[in-house]
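In UniProt numbering, the protein residues as written are 1 to 178.
Just so it is clear, CB atoms sit at the ideal spot from N, CA and C, and this is done for glycine as well.
Keep in mind it's a predicted model, so treat the numbers as computed, not measured.
Report on the following structure.
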Ligand SMILES: [Zn+2]
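Below, the structure written as structure tokens:
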């Protein structure tokens, strides 16, 4: 089996092969669910905003203000974009003020806390570091020491969804909401 795994392209071939084997055996989804049995409880944009503010207050107190944080169903998760961070600069009085918005693909409304945290940490790190350089990833792992592991597992999940067409964690989340 030589299928291309676009979400895992930046990882060593040996890891891609392992993922390909699990996928072929239909075991990838089950493995992820056993590793991350619980979905997070962030059910609304307001809750997501609070979640992000709490992380920011702990690690990036002096970085710019985040005005908006929301789940966005118009973000299609492709290749490397899991969320979006936008900074719009505009003149306020005689100074330039930046408005920061963080948008997270709505498929992560139903996901383990570890995956959501990884994405929020990534987008928050962009408040300080524009590019994905060494300093950027240092900041990410400072906020979440397991950042790289969670990103890899999240990409395994995206690979699973793409191949099996089945989302995990959604049923439990739906019945317990409201
Ligand atoms: Zn980024």
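Span of the alpha helix (DSSP H) around residue i
| i | result |
| --- | --- |
| residue 21 | 13 to 24 |
| residue 134 | 134 to 143 |
| residue 149 | 147 to 164 |
| residue 116 | 113 to 125 |
| residue 43 | Neither: residue 43 is in no alpha helix (DSSP H) and is coded neither H nor E. |
| residue 33 | 28 to 35 |
Contact check, residue i vs residue j, beta carbons under 8 Å
| i | j | result |
| --- | --- | --- |
| residue 156 | residue 32 | yes |
| residue 20 | residue 5 | yes |
| residue 66 | residue 56 | yes |
| residue 98 | residue 133 | no |
| residue 11 | residue 152 | yes |
| residue 60 | residue 158 | no |
| residue 112 | residue 36 | yes |
| residue 14 | residue 110 | no |
| residue 164 | residue 30 | no |
Enclosing beta strand (DSSP E) for residue i [first to last residue]
| i | result |
| --- | --- |
| residue 71 | 66 to 72 |
is_contact[residue i, chain C] using C-beta, thresh 8 Å
| i | result |
| --- | --- |
| residue 45 | You won't find chain C in this structure, because it holds only one protein chain. |
Residue i CB to nearest heavy atom of ligand 3 below 7 Å
| i | result |
| --- | --- |
| residue 100 | Of the ligands one can find in the structure shown, namely ligand 1, none is ligand 3. |
Same chain, Cβ closer than 7 Å to residue i, neighbours up to 5 away in sequence not counted
| i | result |
| --- | --- |
| residue 108 | 115, 116, 119 |
| residue 161 | 167 |
| residue 147 | 118, 121, 140, 141 |
| residue 40 | 111, 112, 113, 116 |
Residues near residue i by beta carbon distance below 6 Å, same chain, minus five either side
| i | result |
| --- | --- |
| residue 136 | 125, 129 |
| residue 17 | none |
Proximal residues to residue i (C-beta, below 8 Å), its chain only, five neighbours per side dropped
| i | result |
| --- | --- |
| residue 46 | none |
| residue 144 | 117, 118, 121, 150 |
> Does the count of Cβ pairs from the segment 58 to 75 and the segment 97 to 114 closer than 8 Å reach three?
Replying inline: Result yes; three or more Cβ-Cβ pairs closer than 8 Å.
>> Please output, in chain order, the residues near ligand 1 using a CB cut-off of less than 6 Å to any non-hydrogen atom of the ligand.
In response: These are the residues, in chain order, with a beta carbon less than 6 Å from any non-hydrogen atom of ligand 1: 122, 126, 132.
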